[in-house]
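**Q** First the structure, which I've put down as structure tokens, then a few questions once you've had a look.
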Amino acid sequence: MWKEIGHRESGKLRPNSFINRIRSNRSSSLQLSNHKEIVSSHRGSINSLQVDLTEGRYLLSGASDASLAIYDIQRATEYEAGGLIAKHKPILVDKQHQNGHKYAISTAIWYPVDTGLFVTGSYDHHIKVWDTNTTQVVMDFKMPGKVYRTAMSSLATSHMLIAAATEDVQVRLCDMASGAFAHTLSGHRDGVMAVEWSNSSEWILMTGGCDGAIRFWDIRRAGCFSVLDQSHSQLGRRPPLADPSTTKVSTPKARAPHRKVGSGSSSKHSGNSKILKHAKGSANKRLHPGLLTSQDRATAHYGAVLGLKATEDGMYLLSAGSDSRLRLWDIQSGCNTLVHYEIVRLQSSKAIQLAVTQDSGIVFLPCMTSVKAFDVWSGKNRMTLQGHYENVNCCCYSTHDQELYTGGNDRQILIWSPHKLISDDVDNCDRRTEQPSAVDEDNWSD
Amino acid sequence: MEGVADDGKTVAIVAGLIEKATNSTKPELDPRILKAIKSVVRHSDSELRIAVENLTSLMKRDHSQVRYLTLTIIHELFMRSKLFRTLIVENLDLLLTLSVGFRRNQPLPAPPAIASKLRSKAIEFLEKWNTTFGVHYRQLRLGYDYLKNTLRYQFPNLQANAARVQQERRERELRTKEILLKKYELLKSNISSIKDEVKSIVDEISECLEILISSKEENVPLDPIDEEDFEDFRNIELRAIREKSLKEADKVQENSENKVVFDALRELYKLLVTKHLVAVQESISVLIRVELSDNRLRDSMLKEFIDTRNHLKSIKKKCEEAGCVLSTPENDEEEDIWEEGASESFTISKPVTRNKQNDIPECSNSKESNVKMKVNPNLDPLKSKLMVEAPVMKWGSFLDNWGSDRGHMANQRGLELESHWGRVDHDAVIPADKIAELNVQATVYEEERKEIPHCRAPLKKGGLCERRDLKVCPFHGPIVARDDAGTPINEEPDLNNVSGEELLKQAVKNVRERDKEVMKKREYDKKELKRAKLAKIRGHNEAVLRDAAIASTSASSSIGDIDLDREKDSLAKMLKKKATAKDRLAARLLSRKAIARQKDLEDDHSKYREAFPNQW
């Protein structure tokens with residue numbers, strides 16, 4: 017680390033790569049934090065966790081007892097054991113709110129633009145939009161079945177749609193501006209467990225259903241434009257995008273992706289445009305690929321798709337299924353990259369929430385009572401985070417602090433943080449006049 | 045090089061020690077092995093790591109006893125080594141699963157009694173760990189919180205209980221302090237009135253006494269006790285009594301003239317003792333116990349009160365001298381007086397019996413006094429000799445006319461049989477020999493009370509057998525002397541203790557003897573021959589068997605092996621379900637034979653019923 021700082025000082029390292037290195041270093045050394053803990057106010061299993069996207073400061077949690085809470089993860093409410101343990105108590109708890117949910121909250125997400133609003137979905141068939149400051153429900157959508165997941169696009173500038181994955185076969189988009197359903201996307205043959213917006217385009221929606229299919233939708237057009245097929249694969253990562261011609265050579269098996277991405281598809285990835293245009297050209301032949309049965313029946317998992325997570329750069333998609341597999345998909349080509357993640361056992365009854373580090377280096381996957389950290393590209397198990405006493409449902413990675421938050425059936429929200437610097441500890445010891453640290457020493461009586 | 049070799053050696057040591065410590069059916073760890081483990085682990089981290097591995101694998105054994113002993117070792121090391129803590133805490137949930145058994149699909153293994161012990165111990169340990177090291181290990185806090193708040197396990201809560209007790213005590217103290225303070229305030233406001241009252245009563249009493257004294261005539265001075273008298277009264281108490289009685293004469297006697305004064309004095313005395321003295325005493329104690337910021341006022345008050353009390357006491361004494369006695373027994377002062385009196389009378393009565401020395405010795409009825417007499421050196425030698433011979437009798441009415449040869453009046457009251465009054469025959473006399481006949485003392489043989497020893501065989505659940513049987517305990521066989529661990533002290537040397545050679549010698553000797561006998565017998569009896577042959581063969585077989593057993597291993601190791609085998613057997617035996625009386629009965633009753641017999645019976649009965657349908 018000091019070497020890197022030296023390099024940065026002498027200008028050998030660019031600021032961005034310096035930051036990235038530090039971040040990845042920190043994220044690869046997570047462990048159960050002893051200095052920071054969240055005092056969970058929930059009386060049921062925690063189903064959903066999210067840190068707000070604007071400040072990276074407020075953690076929103078929804079639990080099975082129909083309660084939700086917001087924790088300030090930057091500033092502790094109280095300290096214990098001489099400032100050694102920072103306790104974070106909920107700054108907002110909602111229990112038995114008159115307009116609150118009746119049954120378990122399955123999803124709770126922040127409005128991506130600011131922290132003034134958040135959205136919750138529950139097993140009582142409702143999606144509610146809350147005003148954070150007044151803790152009032154400002155909008156209520158009645159869904160046809162239990163709500164499993166909701167998602168809002170963090171890139172969206174032209175719409176404010178809540179995508180809702182429910183028991184129902186149709187995916188609905190709830191428009192917060194009008195308070196009505198804007199779209200009803202049909203194509204899944206069973207309930208939908210997972211939903212995720214693309215990180216590269218504000219109109220692309222990805223959903224995973226209990227039928228094992230992952231479907232891509234362009235919300236500006238009717239029908240789904242792509243169904244991921246697990247047997248349709250490419251080996252490993254695609255080579256850099258700057259050289260599209262080699263792409264084709266290296267992946268001869270890959271069929272042309274059937275996707276129509278509008279001209280407005282992220283200007284950031286200008287390098288993609290060629291492929292995308294090519295894709296568009298080939299797809300022009302078939303206006304409704306969803307009607308092609310051979311394509312339409314493709315599955316991404318044997319069993320339900322429990323969780324979806326797109327990488328930060330919007331190029332890859334991770335999916336976890338009830339067949340206890342984690343798969344990495346190339347979004348552009350729609351191919352299974354065949355990364356072999358070490359086999360784990362996943363709970364199969366509930367939707368789970370995955371988390372990916374900012375540089376897409378590590379994916380965190382809740383497996384029964386532990387959370388496993390896999391290297392995204394090699395599939396190797398980097399860490400096993402063991403601390404929960406019952407099944408873990410969700411994890412959420414804070415890019416700001418490089419911390420991981422996990423919530424499970426044992427009602428706890430655990431914080432996994434990188435090693436504290438030694439200097440920090442020394443400071444702590446000095447600050448504390450009494451020495452509880454002295455207690456934690458070898459104590460041989462004989 | 046050396047380090048590596050060293051490591052290799054010690055690794056084996058640690059693993060072996062742990063294995064040895066946990067392979068036991070005893071409820072507690074062997075402290076020596078534990079100490080050895082500690083000392084080995086203390087000196088090298090690599091061994092500690094291996095110990096952790098070993099212990100975690102042992103925790104997975106399907107035997108509660110092994111898990112229990114392992115957990116005790118873990119606790120011992122946990123409280124001592126930091127590295128051990130960090131290693132254990134990483135897999136705390138696994139450890140808790142295996143020791144508490146909170147997961148439904150992983151219950152604790154077989155011997156249920158030990159399993160429950162294991163669980164309670166694990167919970168206790170977890171609490172202890174949490175209170176001591178919880179601050180440093182989030183995992184400990186999590187585990188504790190999970191078991192306590194989610195699964196609602198009952199923790200012994202040692203620390204909290206102690207804290208609560210202390211809190212209660214503190215509260216109580218605070219309350220008493222408050223009460224004292226209140227009393228003090230009250231006293232401060234009342235002090236003048238108390239003083240006045242005391243003063244008035246003191247005045248009155250002194251007036252009364254003055255009247256009495258003035259009315260008293262001049263008395264003769266006390267004549268000194270002469271020397272001979274002194275000789276007579278060996279005892280100081282007796283002398284005191286004498287002096288007292290002499291003084292008694294000195295007192296003013298109550299008569300019709302001063303009766304009124306006496307009455308008044310008595311009244312006042314009573315008031316003094318029951319009310320004022322008590323009140324003053326109480327206020328003194330309040331003043332002593334109260335805690336104040338400013339002590340000057342209190343000290344002065346205390347001084348005043350002590351003075352008053354002393355004054356009152358002197359007055360009380362005067363009153364007593366004048367002959368006032370309280371009869372109410374509930375009073376404290378009264379009790380003191382009574383006690384004094386009692387002790388006095390007691391001390392008086394004893395020397396009297398001792399000093400009288402006339403015709404008591406024959407009926408000295410208690411062994412104790414008998415012994416005392418013997419010890420007493422200033423006794424007449426003849427008397428003491430008699431005392432030694434004297435029979436020890438129980439107390440009874442016959443002692444009244446011990447040694448008398450008078451005749452007794454028969455029925456001089458006229459009470460006849462069956463509760464009817466009858467004629468009184470004043471002359472009817474029971475002759476002395478008849479009386480003696482009637483008074484023959486029958487004594488029942490009394491066994492000397494002896495403590496029947498406990499069986500003291502070690503029990504499975506820990507502790508020793510508490511049964512007291514004379515010779516044979518129904519559960520543990522004949523009662524023999526045992527040490528604190530319950531192992532017999534002087535057991536007869538058995539196979540294990542005898543070395544191989546001795547065994548062999550014995551065997552050979554036995555066979556030879558038998559041979560000789562056979563030779564003798566052959567001469568006498570032909571019929572015996574067959575049996576003798578058989579015996580010979582048997583003896584030979586035994587010898588061969590023994591030889592084989594000894595030859596298979598070296599003598600020293602074979603003994604150890606036998607021990608180990610037995611231990612393993614018992615560990616395995618713990619898992620087996622014990623056959624209870626009920627089981628045996630069930631096996632007997634539900635056996636095929638029994639059922640068949642039952643069926644036969646039923647068949648017979650039905651045949652009979654068919655043959656004679658009209659008979660019941």
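Top line first, the protein sequences correspond to chains R and U. Residues in the first sequence are numbered consecutively from 17, following the numbering used here. Residues in the second sequence are numbered consecutively from 45, following the numbering used here. Glycine included, every Cβ here is placed at the ideal spot set by N, Cα and C. Just so we're clear, the structure is a prediction, and the values are computed from it rather than from any experiment.
Taking C-beta pairs closer than 8 Å, name the residues in chain R that Lys643/U reaches, listed in chain order.
**A** Translated into the one-based positions of the second sequence, residue 643/U becomes position 599. Per Cβ cutoff of 8 Å: no residues; Lys643/U is ~54 Å from chain R at best.
**Q** Based on the DSSP secondary-structure assignment, which residues constitute the bridge partners of Val135/R?
**A** One-based indexing of the first sequence puts residue 135/R at position 119. Note: Val135/R sits in a beta bridge opposite Ile125/R, Val145/R.
**Q** If you run the structure through DSSP and keep just helix, strand and coil, what is Ser376/R?
**A** As a working mapping, residue 376/R is identified with position 360 in the first sequence. In this structure, Ser376/R counts as coil in the three-state DSSP scheme.
**Q** Out of Gly132/R, Ser216/R, Ile21/R, which one is the CA nearest neighbour of Ile347/R?
**A** Position 331 of the first sequence, counted from the start, is the residue given in the question as residue 347/R. Ranking Gly132/R, Ser216/R, Ile21/R by Cα distance to Ile347/R puts Ser216/R first.
**Q** List the endpoints of the continuous alpha helix (DSSP H) containing Lys515/U.
**A** Your numbering for residue 515/U matches position 471 in the second sequence. Neither: Lys515/U is in no alpha helix (DSSP H) and is coded neither H nor E.
**Q** Within the same chain, show all residues whose beta-carbon is closer than 6 Å to that of Lys52/R, passing over the 5 residues directly before and after it, in chain order.
**A** Within the first sequence, the letter at position 36 stands for residue 52/R. Sequence-distant Cβ neighbours of Lys52/R in its own chain, meaning closer than 6 Å and more than five residues away, are Ala102, Ile431.
**Q** Relative to the C-alpha of Thr385/R, which residue among Glu406/R, Glu20/R, Ser80/R, Gly224/R is closest?
**A** The residue given as residue 385/R occupies position 369 in the first sequence. The candidate whose alpha carbon is nearest that of Thr385/R is Glu406/R.
**Q** Give the residues of chain R in contact with Gln183/U, contact being defined as C-beta atoms less than 7 Å apart.
**A** Taking the second sequence and counting its residues from 1, one reaches residue 183/U at position 139. Those are Leu48, Gly403, listed as they occur along chain R.
**Q** Here's the rule I'm using: 16 or more other beta-carbon atoms within 10 Å means buried, otherwise exposed. How should Tyr489/U be labelled?
**A** Residue mapping note: residue 489/U aligns to position 445 of the second sequence, counting from 1. So Tyr489/U counts as exposed.
**Q** Within the segment 167 to 243 of chain U, note down every full alpha helix (DSSP H) run reaching 4 residues or more, in order along the chain.
**A** 182 to 189
**Q** Can you have a look at Lys158/R and say buried or exposed, based on whether 16 or more other CB atoms are within 10 angstroms of its CB?
**A** Position 142 of the first sequence holds residue 158/R. Exposed is the call here.
**Q** Under 8 Å between beta-carbons, which chain U residues line up against Trp460/R? List them in chain order, please.
**A** Counted from its first residue, the first sequence places residue 460/R at position 444. In chain order: Lys82, Arg86, Arg124, Ser125.
**Q** Throw me the rounded Cβ distance for the Ala159/U and Leu113/U pair, which I believe falls under 8 Å.
**A** Along the second sequence, one-based indexing puts residue 159/U at 115. Along the second sequence, one-based indexing puts residue 113/U at 69. At roughly 13 Å, the Cβ-Cβ gap does not stay under 8 Å, so Ala159/U and Leu113/U are not in contact.
**Q** Helix, strand or coil: how does DSSP classify Asp391/R here?
**A** If you number the first sequence from 1, residue 391/R lands on position 375. Reduced to three states, the DSSP call for Asp391/R is strand.
**Q** I'd like the span of the alpha helix (DSSP H) that includes Arg353/U, first residue to last.
**A** For this step, residue 353/U is matched to residue 309 along the second sequence. It spans 340 to 366 - the alpha helix (DSSP H) in which Arg353/U sits, taken as one unbroken run.
**Q** Please list the residues of the segment 322 to 355 of chain U that have a C-beta atom closer than 8 Å to any C-beta atom in chain B, keeping them in chain order.
**A** The structure shown contains no chain B; the protein chains it does contain are R and U.
**Q** Taking only runs of the beta strand (DSSP E) that begin and end inside the segment 171 to 217 of chain R, which ones reach a length of at least 3 residues, in chain order?
**A** Whole beta strand (DSSP E) segments, 3+ residues: 177 to 182, 187 to 191, 196 to 201, 208 to 213.
**Q** So with CB distances below 7 Å, who are the chain U contacts of Gln428/R?
**A** Counting from one through the first sequence, the residue named residue 428/R turns up at place 412. Ordered by position in chain U, the residues that pass the 7 Å Cβ test against Gln428/R are Leu186.
**Q** Are the Cβ atoms of Arg165/R and Thr131/R separated by less than 8 Å?
**A** Translated into positions along the first sequence, residue 165/R becomes position 149. Translated into positions along the first sequence, residue 131/R becomes position 115. No; because the gap between Cβ atoms is not below 8 Å, this pair is not in contact.
**Q** Here's the rule: buried if 16 or more other CB atoms are within 10 angstroms of the residue's CB, otherwise exposed. What is Val355/R?
**A** Stepping through the first sequence from its first residue, residue 355/R is reached at position 339. Burial call: buried.
**Q** Whose C-beta lies closer than 8 Å to the C-beta of Gly178/U among residues of the same chain, with five residues either side of it excluded?
**A** Position 134 of the second sequence, counting from 1, holds the residue named residue 178/U. Hits under 8 Å: Leu184, Arg185, Tyr188.
**Q** Less than 8 Å between the CB atoms is what I'm expecting for Ala229/R and Ala316/R, so what's the real figure, rounded?
**A** Translated into the one-based positions of the first sequence, residue 229/R becomes position 213. Translated into the one-based positions of the first sequence, residue 316/R becomes position 300. Contact flag correct, Cβ pair sits at about 6 Å.
**Q** Below 9 Å on C-beta distance, what does Ile101/R contact in chain U?
**A** As a position in the first sequence, residue 101/R is number 85, starting the count at 1. Ordered by position in chain U, the residues that pass the 9 Å Cβ test against Ile101/R are Val179, Arg182, Arg185.
**Q** With distance defined between alpha-carbon atoms, name the residue in Ile249/U, Asn201/U, Lys243/U, Lys303/U nearest to Leu312/U.
**A** Here residue 312/U refers to the residue found at position 268 of the second sequence. Ranking Ile249/U, Asn201/U, Lys243/U, Lys303/U by Cα distance to Leu312/U puts Ile249/U first.
**Q** Throw me the rounded Cβ distance for the Leu99/U and Ile77/U pair, which I believe falls under 8 Å.
**A** Here residue 99/U refers to the residue found at position 55 when the second sequence is read from its first residue. Here residue 77/U refers to the residue found at position 33 when the second sequence is read from its first residue. About 14 Å; that fails the 8 Å criterion.
**Q** With DSSP collapsed to three states, give me the class of Ser261/R.
**A** Locating residue 261/R in the first sequence gives position 245, where the first residue counts as 1. Any reading at Ser261/R is ruled out, since the residue's pLDDT is 41, under 50, leaving its predicted position unreliable.
**Q** Would Tyr190/U pass as an interface residue toward chain R - the criterion being a Cβ-Cβ separation below 8 Å?
**A** On the second sequence, residue 190/U is found 146 positions in, with the first residue counted as 1. Tyr190/U counts as touching chain R.
**Q** How long is the line joining the alpha carbons of Leu548/U and Arg582/U, rounded to whole angstroms?
**A** As a first step, residue 548/U must be located in the second sequence, where it is residue number 504. As a first step, residue 582/U must be located in the second sequence, where it is residue number 538. About 16 Å.
**Q** Pull the bridge partners of Arg343/R from the DSSP assignment, please.
**A** Indexing the first sequence from 1 puts residue 343/R at position 327. Bridge partners of Arg343/R: Ser335/R.
**Q** Along the chain, where does the beta strand (DSSP E) that runs through Val355/R open and close?
**A** Numbered from its first residue, the first sequence carries residue 355/R at position 339. Per DSSP, Val355/R belongs to no beta strand (DSSP E) and is neither H nor E.
**Q** Based on Cα-Cα distance, which residue from Val555/U, Arg590/U, Leu138/U lies nearest to Lys577/U?
**A** Mapped onto the second sequence, residue 577/U falls at position 533. Measuring from the Cα of Lys577/U, the nearest candidate turns out to be Val555/U.
**Q** Tell me, please, whether the segment 194 to 201 of chain U touches the segment 218 to 226 of chain U by the rule of three or more beta-carbon pairs shorter than 8 Å.
**A** no
**Q** With 8 Å set as the bound, which would you pick, yes or no: does the beta-carbon of Asp74/U sit closer than that to a beta-carbon of chain R?
**A** Taking the first residue of the second sequence as 1, we reach residue 74/U at position 30. It does not; no Cβ of chain R falls within 8 Å.
**Q** So, using beta-carbon positions, are Ser61/R and Asn425/R closer together than 8 Å?
**A** In the first sequence, the residue the question calls residue 61/R occupies position 45. In the first sequence, the residue the question calls residue 425/R occupies position 409. Yes, they are a contact pair.
**Q** Of all the options Lys165/U, Ser108/U, Tyr181/U, which has the alpha carbon lying nearest to the alpha carbon of His119/U?
**A** Here residue 119/U refers to the residue found at position 75 of the second sequence. Among Lys165/U, Ser108/U, Tyr181/U, the Cα nearest to that of His119/U belongs to Lys165/U.
**Q** Quick one, which of Ala157/U, Pro156/U, Ile167/U, Leu131/U has its alpha-carbon nearest Thr141/U's?
**A** Counting from one through the second sequence, the residue named residue 141/U turns up at place 97. It is Ile167/U whose Cα lies nearest to the Cα of Thr141/U.
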